[in-house]
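Trainee: In case it helps, our numbering puts the sequence shown at residues 829 to 866. Just so you know, even glycine gets a beta-carbon here, dropped at the ideal spot from N, CA and C. I am attaching a structure below and will ask some questions about it afterwards.
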Amino acid sequence: MRSYAELHCHSAFSLLDGASTPEALVERAAGLGIRALA
Numbered sequence: 829m830r831s832y833a834e835l836h837c838h839s840a841f842s843l844l845d846g847a848s849t850p851e852a853l854v855e856r857a858a859g860l861g862i863r864a865l866a
C-alpha cells in the first residue's frame, strides 16, 4: 500500500475553520495508521 500524508489539515488554531486540537488529530491519524499530517 502506498504511503498517505494529509497535507491540508485544520486544527482549533485555524481561525473559524477547525475544531479539533492538534493532539486529537495526531491521535486519530495514528489510530488510522497515517504517519504524517501537515
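Got a sec? Which residues, its chain only, sit under 7 Å from H838 by beta carbon, not counting five neighbours each side?
Mentor: Excluding positions up to five away in sequence, the list reads D845 and G846.
Trainee: Rounded to the nearest angstrom, what separates L843 and Y832 at their Cα positions?
Mentor: Whole-angstrom Cα-Cα distance: 26 Å.
Trainee: Under DSSP, the alpha helix (DSSP H) around G859 begins and ends at which residues?
Mentor: Taken as a continuous stretch (DSSP letters only), the alpha helix (DSSP H) holding G859 covers P850 to L860.
Trainee: Return the bridge partner residues of L865 from the DSSP annotation.
Mentor: DSSP output for L865 lists E834 as bridge partner(s).
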